[in-house]
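Please read the structure below before turning to the comments.
Protein chains: 2
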Amino acid sequence: MSKDNKEELKNDTIKENQEEIKESETLTEEVLEDIVEDEVSELEEAQNTAKEFENKYLRVSAEMQNMQRRSNEERLTLVKYRSQDLAKKIIPSLDNLERALAVEGITEEVKKGLEMVQESLVSALKDEGIEEVPVTTFDHNFHMAVQTIPADDEHPADSIVQVFQKGYKLHERLLRPAMVVVAQA
Amino acid sequence: MSKDNKEELKNDTIKENQEEIKESETLTEEVLEDIVEDEVSELEEAQNTAKEFENKYLRVSAEMQNMQRRSNEERLTLVKYRSQDLAKKIIPSLDNLERALAVEGITEEVKKGLEMVQESLVSALKDEGIEEVPVTTFDHNFHMAVQTIPADDEHPADSIVQVFQKGYKLHERLLRPAMVVVAQA
Numbered sequence: 001m002s003k004d005n006k007e008e009l010k011n012d013t014i015k016e017n018q019e020e021i022k023e024s025e026t027l028t029e030e031v032l033e034d035i036v037e038d039e040v041s042e043l044e045e046a047q048n049t050a051k052e053f054e055n056k057y058l059r060v061s062a063e064m065q066n067m068q069r070r071s072n073e074e075r076l077t078l079v080k081y082r083s084q085d086l087a088k089k090i091i092p093s094l095d096n097l098e099r100a101l102a103v104e105g106i107t108e109e110v111k112k113g114l115e116m117v118q119e120s121l122v123s124a125l126k127d128e129g130i131e132e133v134p135v136t137t138f139d140h141n142f143h144m145a146v147q148t149i150p151a152d153d154e155h156p157a158d159s160i161v162q163v164f165q166k167g168y169k170l171h172e173r174l175l176r177p178a179m180v181v182v183a184q185a
Numbered sequence: 001m002s003k004d005n006k007e008e009l010k011n012d013t014i015k016e017n018q019e020e021i022k023e024s025e026t027l028t029e030e031v032l033e034d035i036v037e038d039e040v041s042e043l044e045e046a047q048n049t050a051k052e053f054e055n056k057y058l059r060v061s062a063e064m065q066n067m068q069r070r071s072n073e074e075r076l077t078l079v080k081y082r083s084q085d086l087a088k089k090i091i092p093s094l095d096n097l098e099r100a101l102a103v104e105g106i107t108e109e110v111k112k113g114l115e116m117v118q119e120s121l122v123s124a125l126k127d128e129g130i131e132e133v134p135v136t137t138f139d140h141n142f143h144m145a146v147q148t149i150p151a152d153d154e155h156p157a158d159s160i161v162q163v164f165q166k167g168y169k170l171h172e173r174l175l176r177p178a179m180v181v182v183a184q185a
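So the protein sequences, as listed, match chains A and B.
Residue 172 in UniProt numbering is what sits at position 172 of the first sequence, and the numbering runs on without skipping anything.
Residue 95 in UniProt numbering is what sits at position 95 of the second sequence, and the numbering runs on without skipping anything.
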């Protein structure tokens, strides 16, 4: 090999090497970009999934709290008004008792017996929150006017003159309105 | 510059370049490892977070379903036995009515009135699932033996000879046992 040839070869080698360096750098950059891109998209996906489940978790937790609140309220209402149905059905028995007590000529013994039944019924109902509707001034929420009379000095307007049938309420809830005669102006 | 010197320089350049390539490759590998390691740890973290929230979400969902089931069961029980308290308090009124009806010498009119009250009470209670405890054969779940008599041909063992006080139950739940006299072998 001539000296010139040798030199030429060396020059070529240097050039090749430099190209290789450049190529290697470019390749590295590309590979890096690809890898980073892949990793980022996988990371983003995982982060989105995490966010999604976090939102689902928070939504269900809030829903559960609402449900618990509603369920407690419902239970309280159920307990508060639990005696409503039976009470409504028992009220006519009280009416019957009052009619029986109004019968003329009953003996003292029978009267005592009837009053005892009446008292025990009224007391049982009262224990469960059921009471007579007060009959002082007319209130359309609790009274039904079955008759009116003109108001006078003794019976001012809206006063209740007579009660035909007692009304009953369970706590603030009306079970049956009182049937009344009202003075009207 | 001599030809030999020139050649030496070229040789050095080649060597340097080759070292640079090697160094560059090593560096690239290290950087890649670092980057990939970072991305993987971040990815793993995000994946763990996603898994964690998924588990939380699933747990809360299951909890909510359980809560809904329990709440429904509780409501059904509350509704089924809602009349229990009032019924228990009304039973003594039925006892009083029976005693009043047993009084000698009451007029037909009073008797009719008392029976009307009794019937309306019994019917109101029955509508709400409250009934007399049957008194055929002795059952310690529903009867209380206040007295025993020796069994004979007319009264076989475990038969109920007499009822001192009626018992009542709400659906299958006992409100008050019947007080009875039982024949014993």
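A virtual CB, placed ideally from N, CA and C, is assigned to each residue, including glycine.
On the premise that Y81(B) lies in contact with I130(B), defined as a C-beta separation below 8 Å, what is that separation, rounded to the nearest angstrom? Not confirmed; about 10 Å, so no contact.
Residue closest to A102(B), alpha-carbon to alpha-carbon, out of D158(A), H155(A), G113(A), L175(A): It is G113(A) whose Cα lies nearest to the Cα of A102(B).
Which residues of chain B have a Cβ atom closer than 8 Å to the Cβ of S93(A), listed in chain order? Result: V117, S120, L121, A124.
Cα separation between T136(B) and E109(A)? If I take the Cα positions, the gap works out to 34 Å.
Using the three-state DSSP reduction, which class does P92(B) fall into: helix, strand or coil? P92(B) falls in the helix class under three-state DSSP.
Between the segment 46 to 60 of chain B and the segment 44 to 58 of chain A, do three or more beta carbon pairs fall short of 8 Å? Cβ pair count under 8 Å is three or more, so yes.
Looking only at C-alpha atoms, which of K10(A), S93(A), K166(A) sits nearest to P177(A)? The residue with the shortest Cα to Cα distance from P177(A) is K166(A).
Return yes when the Cβ of D127(B) is within less than 8 Å of the Cβ of K126(A), no when it is not. For K126(A) and D127(B), no; Cβs fall outside 8 Å.
Compare the Cα-Cα distances from P150(B) to each of E172(B), I160(B), I35(B), S83(B) and report the closest residue. Per the Cα distances, I160(B).
According to DSSP, is R82(A) part of a helix, a strand, or is it coil? Note: R82(A) maps to coil in three-state DSSP.
Integer Cβ distance of L58(B) from L94(B), believed to fall under 8 Å: Going by Cβ atoms, the distance from L58(B) to L94(B) rounds to 54 Å, so no, they are not a contact pair.
Below 8 Å between beta carbons is the criterion; list the residues of the segment 60 to 87 of chain A that meet it against any residue of chain B, in chain order. So the close ones are V60, S61, E63, M64, M67, Q68, S71, E74, R75, L78, V79, R82, S83, D85, L86, A87.
Whole-angstrom distance between A183(B) and M179(A), CA atom to CA atom: Within the model, the alpha-carbon separation for M179(A) versus A183(B) is close to 54 Å.
Going by alpha carbons, who is nearest to D153(A) out of L175(A), E73(A), A185(A), D34(A)? The residue with the shortest Cα to Cα distance from D153(A) is A185(A).
If I follow the unbroken beta strand (DSSP E) through K166(A), where does it start and stop? Taken as a continuous stretch (DSSP letters only), K166(A) belongs to no beta strand (DSSP E), as it is neither H nor E.
In the segment 146 to 170 of chain B, which residues sit with their C-beta less than 8 Å from some C-beta in chain A, listed in chain order? Cβ contacts with chain A come from no residue of the segment 146 to 170 of chain B.
Please state whether DSSP places V133(B) in a helix, a strand or coil. Secondary structure at V133(B): coil, using DSSP grouped into helix, strand and coil.
By DSSP's criteria, R99(A) is part of a beta bridge. Which residues make up the other side? Within the DSSP secondary-structure output, R99(A) pairs in no beta bridge.
Simplified DSSP assignment, three categories, for A87(A): Under the three-state reduction of DSSP, A87(A) is assigned to helix.
Cβ of K89(B) within 8 Å of any chain A Cβ: Nearest CB-CB separation between K89(B) and chain A: below the 8 Å threshold.
Residue burial classification, V40(A) (beta-carbon count within 10 angstroms, cutoff 16): By the neighbour-count rule (16 or more Cβ atoms within 10 Å), V40(A) is not buried but exposed.
For Q100(A), collect the residues of the same chain with a Cβ closer than 6 Å to its Cβ; drop the 5 residues on either side in sequence, then sort them by chain order. In the sequence as displayed, the identity of residue 100(A) is Ala instead of Gln. For A100(A), where only same-chain residues beyond five positions count, the Cβ hits under 6 Å are L114.
How about L174(A) and F138(A): do their beta carbons lie closer than 8 Å? Remark: C-beta atoms of L174(A) and F138(A) do not approach each other more closely than 8 Å.
Any C-beta of chain A sitting closer than 8 Å to the C-beta of N5(B)? Chain A, which has no Cβ nearer than 8 Å to the Cβ of N5(B), makes this no.
How many angstroms separate the CA atom of N72(B) from the CA atom of A46(B)? Taking the straight line from one Cα to the other gives about 39 Å.
Run through chain B and tell me which residues come within less than 9 Å of T26(A), C-beta to C-beta. Those do not exist, as T26(A) stays about 11 Å from chain B at its closest Cβ, beyond 9 Å.
Those residues which DSSP pairs with Q147(A) across a bridge: DSSP output for Q147(A) lists V181(A) as bridge partner(s).
Does any residue of chain A bring its CB to less than 8 Å from the CB of V110(B)? V110(B) belongs to the set of residues whose beta carbon lies under 8 Å from a beta carbon in chain A.
Can you tell me which of Q18(B), E44(B), S61(B), K111(B) puts its alpha carbon nearest to the alpha carbon of N96(A)? Ranking Q18(B), E44(B), S61(B), K111(B) by Cα distance to N96(A) puts K111(B) first.
Near the ligand MN: R82(B) beta-carbon under 7 Å from a heavy atom: Within the structure as shown, the ligand MN is missing, as the structure has no ligands at all.
Over what stretch of residues does the alpha helix (DSSP H) that includes S123(A) continue unbroken? Here the alpha helix (DSSP H) through S123(A) covers 108 to 127.
Check the Cβ-Cβ distances between A100(A) and every residue of chain B, and say whether any is below 8 Å. Interface with chain B (8 Å Cβ-Cβ cutoff): A100(A) is included.
Got a sec? Which residues, its chain only, sit under 6 Å from M144(A) by beta carbon, not counting five neighbours each side? So the qualifying residues of the chain are P177, M179.
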